[in-house]
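Visitor: Below you will find the structure I want to go over with you.
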Amino acid sequence: MGRTAWLLGLLVLLLYVVTGSGHIQTIDFQLEQDVAQRIVHLHNFTTQWPIIRGAGAVAGVDGQHFAPHGLGMSLLLVPLTLLTDAVRPGDTAAANFVASFVDAILAAATAVVLFLLARDLGARTRVALGTALILAVATLEWPYAHALFDVTATGFLILVAVFAAHRFALRGGAGWLALSGGALGGAVLVRTQSVIVVPALAAYVLWTARPAGPRRVLGAAAAWGLPLAAGMATVGWYNWVRFANPFNDGHGDDPNTSFHTPLLEGLSGLLASPGKSLLLFSPVLLLAILGIPRFTRRHRALAITSLAIVAVNLLLNAKVTNWTGDDAWGPRFMVPVLALMLLPVLGWFEAEPRRWRIGLTAGLCTASVAVQLLGVGFDYLPLVDPVRALHKDVWNARYAQVTVHALAATDRLHLGVHDPIQRVGTDPTTDQNGLTIDLWWVHAAHRDTHRLLSAVAVLAMVAGMAGAALALLLRLRPPPRPPRLRHLIRRA
Numbered sequence: 394m395g396r397t398a399w400l401l402g403l404l405v406l407l408l409y410v411v412t413g414s415g416h417i418q419t420i421d422f423q424l425e426q427d428v429a430q431r432i433v434h435l436h437n438f439t440t441q442w443p444i445i446r447g448a449g450a451v452a453g454v455d456g457q458h459f460a461p462h463g464l465g466m467s468l469l470l471v472p473l474t475l476l477t478d479a480v481r482p483g484d485t486a487a488a489n490f491v492a493s494f495v496d497a498i499l500a501a502a503t504a505v506v507l508f509l510l511a512r513d514l515g516a517r518t519r520v521a522l523g524t525a526l527i528l529a530v531a532t533l534e535w536p537y538a539h540a541l542f543d544v545t546a547t548g549f550l551i552l553v554a555v556f557a558a559h560r561f562a563l564r565g566g567a568g569w570l571a572l573s574g575g576a577l578g579g580a581v582l583v584r585t586q587s588v589i590v591v592p593a594l595a596a597y598v599l600w601t602a603r604p605a606g607p608r609r610v611l612g613a614a615a616a617w618g619l620p621l622a623a624g625m626a627t628v629g630w631y632n633w634v635r636f637a638n639p640f641n642d643g644h645g646d647d648p649n650t651s652f653h654t655p656l657l658e659g660l661s662g663l664l665a666s667p668g669k670s671l672l673l674f675s676p677v678l679l680l681a682i683l684g685i686p687r688f689t690r691r692h693r694a695l696a697i698t699s700l701a702i703v704a705v706n707l708l709l710n711a712k713v714t715n716w717t718g719d720d721a722w723g724p725r726f727m728v729p730v731l732a733l734m735l736l737p738v739l740g741w742f743e744a745e746p747r748r749w750r751i752g753l754t755a756g757l758c759t760a761s762v763a764v765q766l767l768g769v770g771f772d773y774l775p776l777v778d779p780v781r782a783l784h785k786d787v788w789n790a791r792y793a794q795v796t797v798h799a800l801a802a803t804d805r806l807h808l809g810v811h812d813p814i815q816r817v818g819t820d821p822t823t824d825q826n827g828l829t830i831d832l833w834w835v836h837a838a839h840r841d842t843h844r845l846l847s848a849v850a851v852l853a854m855v856a857g858m859a860g861a862a863l864a865l866l867l868r869l870r871p872p873p874r875p876p877r878l879r880h881l882i883r884r885a
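The opening residue of the sequence shown carries number 394 in the working numbering; numbering runs sequentially from there.
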């Protein structure tokens, strides 16, 4: 991995850390964090959370309480738990603070992998870097580096699986196949639903191995399939340990995970509703849609594979009862394939840079960044009314998250910062005070906790971001032109 990729990763990671929340917002993540701590301290997979249907622990073997989530996210949190125990043993607040940045690390890594994939596809460094930065700051990737869910980790692992499979197609080597299969197995270990990616990526691996003959195809299938099978077997074992059934992941009694939504209702909501439209929360994806024809002509096999993965994910989640992904910012369940949705934007950038294209690109990127700032800058949870039906208001623009956060940003910032733990207000039109400026260093200043240390840390990270950005600009600078012959003659 070259210096440009490292600088990109540093820049994006520092941005995500500076704009991190510093606290665990979601029940899902709290359960996964609790399991990680139980693994480290008690060497088991139980949780202390109460049993709450659809919003808490699930009863398992011997009546013990278990989290209805995959093991993968908890395993990713184990190193951070060990780190916190080494520095601040027994400090739950410190453990939660450190754990709150795990998605920032994974999202920054996702941007780097997308950059590397774009370079492998023949994109110029400038285009590949721009594509990665668009993912990082102009799509839902940024808010989901801030709000803690396992979809960020899933998206990273799926992208690694696709990237490594494409590396195999370019260079060969069983190692890339093992990495691809292992990453996809890891994605299934984080979110069992990731198994829907297997058919499309398996077809791509076998297709790219096909020209070398049947033996090469069988070898590729083994190198790719064995790590994947290991990940899936681990899922079955984990389910057996918890519920004495390898196919029970704990969601069987959760009404939110059933498939009762009419397909057209879910699709229209995910694509066009004011409350959960993917194109509203990431307008820049319109450029990717426009780039699909050219991208498909140049990279047919990978384009078909990526679009198939996105389409299957879209169709499956459109049928889920809780297709909105609530409680969440935007269409949460589409985040795992966000990078693959953006990938065809390379086709858009390959076209001749006419004035209208530049204007459209700048406008959509600006709008997208503005939407992400609304998602990152405020805690969305005070707007969630648990009594309200799941997607009752997604077609009401008045109650849309983007609308309410925009009102808060323009009209209510002068009211001050509120503790994110004190959730107040459920009517976004009458009680804006529930919205918080959800940045860890703002909370520290508000509570007068380590204020000086936080200020120094933020200033250091901002300086690091400036340094990384400057270094990237210098690397993009065209090389100096050789001196002209006439000038050389004069000097002689």
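A virtual CB, placed ideally from N, CA and C, is assigned to each residue, including glycine.
Between E658, V728, T754 and V713, which lies nearest to V787 when the distance is taken from Cα to Cα?
Guide: As a first step, residue 787 must be located in the sequence shown, where it is residue number 394. Of the candidates E658, V728, T754 and V713, the one whose C-alpha sits nearest the C-alpha of V787 is E658.
Visitor: Can you give the Cα-Cα distance for L577 and P592, rounded to whole angstroms?
Guide: On the sequence shown, residue 577 is found 184 positions in, with the first residue counted as 1. On the sequence shown, residue 592 is found 199 positions in, with the first residue counted as 1. Rounded to the nearest angstrom, the two C-alpha atoms are 11 angstroms apart.
Visitor: Decide if Q441 is buried, meaning its Cβ has at least 16 other Cβ atoms within 10 Å, or exposed.
Guide: Your numbering for residue 441 matches position 48 in the sequence shown. Q441 should be labelled exposed.
Visitor: Residues in the same chain with beta-carbon distance under 6 angstroms from Y631, minus the five sequence neighbours each way, listed in chain order, please.
Guide: As a first step, residue 631 must be located in the sequence shown, where it is residue number 238. Counting only Cβ-Cβ distances below 6 angstroms, and skipping sequence neighbours, we find L464.
Visitor: Out of D719, A492 and S666, state which residue places its alpha-carbon closest to the alpha-carbon of T796.
Guide: Taking the first residue of the sequence shown as 1, we reach residue 796 at position 403. For the residues D719, A492 and S666, the minimum Cα distance to T796 belongs to S666.
Visitor: V451 by DSSP, collapsed to three states: which one?
Guide: Position 58 of the sequence shown, counted from the first residue, corresponds to residue 451. Looking at V451 - three-state DSSP - the assignment turns out to be strand.
Visitor: Check each candidate in V405, H458, N789 and R519 and name the one with the smallest Cα separation from A500.
Guide: Mapped onto the sequence shown, residue 500 falls at position 107. With distances taken between Cα atoms, A500 lies closest to V405.
Visitor: Please determine if the stretch 446-464 and the stretch 504-517 are in contact, where contact requires at least 3 C-beta pairs separated by less than 8 angstroms.
Guide: The stretch 446-464, when compared against the stretch 504-517, does not touch it at the 8 angstroms Cβ threshold.
Visitor: Assign V715 to one of two classes, buried (16 or more other C-beta atoms within 10 Å of its C-beta) or exposed (fewer than that).
Guide: Here residue 715 is taken as the residue at index 322 of the sequence shown, counted from 1. The question names Val, but residue 715 is Asn in the sequence shown. So N715 counts as buried.
Visitor: Per the contact definition of three or more C-beta pairs closer than 8 angstroms, is the stretch 553-566 in contact with the stretch 589-606?
Guide: The stretch 589-606, when compared against the stretch 553-566, does touch it at the 8 angstroms Cβ threshold.
Visitor: Tell me which same chain residues have a C-beta within less than 7 angstroms of the C-beta of Y409, skipping the five on either side of it?
Guide: In the sequence shown, counting from the first residue as 1, residue 409 sits at position 16. Taken in chain order, the residues that qualify are A497, A500, A501 and A538.
Visitor: I'd like to check one pair, F490 with G415: are the Cβ atoms closer than 7 angstroms?
Guide: Within the sequence shown, numbered from 1, the residue matching residue 415 stands at position 22. Within the sequence shown, numbered from 1, the residue matching residue 490 stands at position 97. Cβ distance < 7 angstroms, so G415 and F490 count as in contact.
Visitor: Could you give the residue range of the alpha helix (DSSP H) that holds K669?
Guide: Here residue 669 refers to the residue found at position 276 when the sequence shown is read from its first residue. Where K669 is concerned, there is no enclosing alpha helix (DSSP H), given that its DSSP letter is neither H nor E.
Visitor: Taking A521 as the reference, which of L736, V428, P620 and L570 has the closest Cα?
Guide: Counted from its first residue, the sequence shown places residue 521 at position 128. Of the candidates L736, V428, P620 and L570, the one whose C-alpha sits nearest the C-alpha of A521 is L736.
Visitor: With hydrogens ignored, establish whether the beta-carbon of G718 is closer than 6 angstroms to any heavy atom of the ligand NAD.
Guide: This structure simply doesn't include the ligand NAD, nor any ligand for that matter.
Visitor: Using the rule of at least 16 other Cβ atoms within 10 Å of the residue's Cβ for burial, across every protein chain shown, is Q825 buried or exposed?
Guide: Here the question's residue 825 lines up with position 432 in the sequence shown. Low local confidence applies: a pLDDT of 39 at Q825 is under 50, so the model's placement there is unreliable, with the coordinate-based value given in what follows. It is buried - the Cβ of Q825 has at least 16 other Cβ atoms within 10 Å.
Visitor: Determine, using beta carbons only, whether V713 and P536 come nearer to each other than 7 angstroms.
Guide: Taking the sequence shown and counting its residues from 1, one reaches residue 713 at position 320. Taking the sequence shown and counting its residues from 1, one reaches residue 536 at position 143. No, the Cβ-Cβ distance between V713 and P536 is not below 7 angstroms.
Visitor: Are the beta-carbon atoms of A848 and T503 separated by less than 7 angstroms?
Guide: Locating residue 848 in the sequence shown gives position 455, counting from the first residue. Locating residue 503 in the sequence shown gives position 110, counting from the first residue. No.
Visitor: Within the same chain, show all residues whose beta-carbon is closer than 8 angstroms to that of N437, passing over the 5 residues directly before and after it, in chain order.
Guide: Here residue 437 refers to the residue found at position 44 when the sequence shown is read from its first residue. These residues qualify, in order along the chain: R431.
Visitor: Round the Cβ separation of L621 and V598 to the nearest angstrom and send it over; I've been treating them as touching at under 8 angstroms.
Guide: Translated into positions along the sequence shown, residue 621 becomes position 228. Translated into positions along the sequence shown, residue 598 becomes position 205. The Cβ separation is near 10 angstroms, so there is no contact.
Visitor: Just to confirm before moving on: does the CB-CB distance between D647 and G449 stay below 7 angstroms?
Guide: The sequence position of residue 647 within the sequence shown is 254, counting from 1. The sequence position of residue 449 within the sequence shown is 56, counting from 1. Contact: no.
Visitor: Tell me which same chain residues have a C-beta within less than 7 angstroms of the C-beta of A760, skipping the five on either side of it?
Guide: Translated into positions along the sequence shown, residue 760 becomes position 367. Once the five neighbours on either side are set aside, the close Cβ partners of A760 are P676.
Visitor: When the distance is taken between beta carbons, is L400 closer than 7 angstroms to L865?
Guide: Position 472 of the sequence shown, counted from the start, is the residue given in the question as residue 865. Position 7 of the sequence shown, counted from the start, is the residue given in the question as residue 400. Yes, the Cβ-Cβ distance between L865 and L400 is below 7 angstroms.
Visitor: Just to confirm the assignment, what range does the alpha helix (DSSP H) spanning G752 have?
Guide: Position 359 of the sequence shown, counted from the first residue, corresponds to residue 752. It spans R748 to G770 - the alpha helix (DSSP H) in which G752 sits, taken as one unbroken run.
Visitor: Under 7 angstroms Cβ to Cβ from G585, same chain only, skipping five residues before and after it: list those, please.
Guide: Indexing the sequence shown from 1 puts residue 585 at position 192. Gly is not the amino acid found at residue 585; the sequence shown has Thr there. G463, V628 and D642, listed in sequence order.
Visitor: For the stretch 676-718, which segments carrying the alpha helix (DSSP H) assignment without a break, of at least 4 residues, lie completely within its bounds, in sequence order?
Guide: 678-691 and 693-712, all fully within the stretch 676-718.
Visitor: State the CB to CB distance for the pair A525 and Q426, rounded to an integer number of angstroms; the pair is presumed to be in contact (CB under 8 angstroms).
Guide: Residue mapping note: residue 525 aligns to position 132 of the sequence shown, counting from 1. Residue mapping note: residue 426 aligns to position 33 of the sequence shown, counting from 1. So it is not a contact: roughly 29 angstroms between Cβ atoms.
Visitor: A755: which of A838, F688 and L678 sits nearest, CA to CA?
Guide: Taking the first residue of the sequence shown as position 1, residue 755 is located at position 362. Measuring from the Cα of A755, the nearest candidate turns out to be L678.
Visitor: Taking only three categories from DSSP, how would you classify T356?
Guide: In the structure displayed, the chain extends from 394 to 885; residue 356 sits before or after that span and is not available.
Visitor: Using the DSSP secondary-structure output, state which residues sit across from I589 in a beta bridge.
Guide: Residue mapping note: residue 589 aligns to position 196 of the sequence shown, counting from 1. In DSSP, I589 forms no bridge with anything.
Visitor: Ordered along the chain, which non-local residues of its own chain (more than five positions away) have a Cβ less than 6 angstroms from that of H653?
Guide: Numbered from its first residue, the sequence shown carries residue 653 at position 260. So the list reads T714, once near-sequence residues are dropped.
Visitor: Under 7 angstroms Cβ to Cβ from V953, same chain only, skipping five residues before and after it: list those, please.
Guide: Given that the chain is displayed from residue 394 to residue 885, the structure contains no residue 953 and the question cannot be resolved.
Visitor: Would you identify the three-state DSSP class for F508, choosing helix, strand or coil?
Guide: By one-based count along the sequence shown, residue 508 stands at place 115. Three-state DSSP puts F508 in a helix.
Visitor: What separation, rounded to the nearest whole angstrom, lies between the Cα atoms of A614 and G574?
Guide: For the purposes of this step, residue 614 is taken as residue 221 along the sequence shown, with counting starting at 1. For the purposes of this step, residue 574 is taken as residue 181 along the sequence shown, with counting starting at 1. Going by the C-alpha atoms only, they are around 10 angstroms apart.
Visitor: According to DSSP, which residues form a beta bridge with I444?
Guide: By 1-based counting over the sequence shown, the position of residue 444 is 51. BP columns for I444 point to A450.
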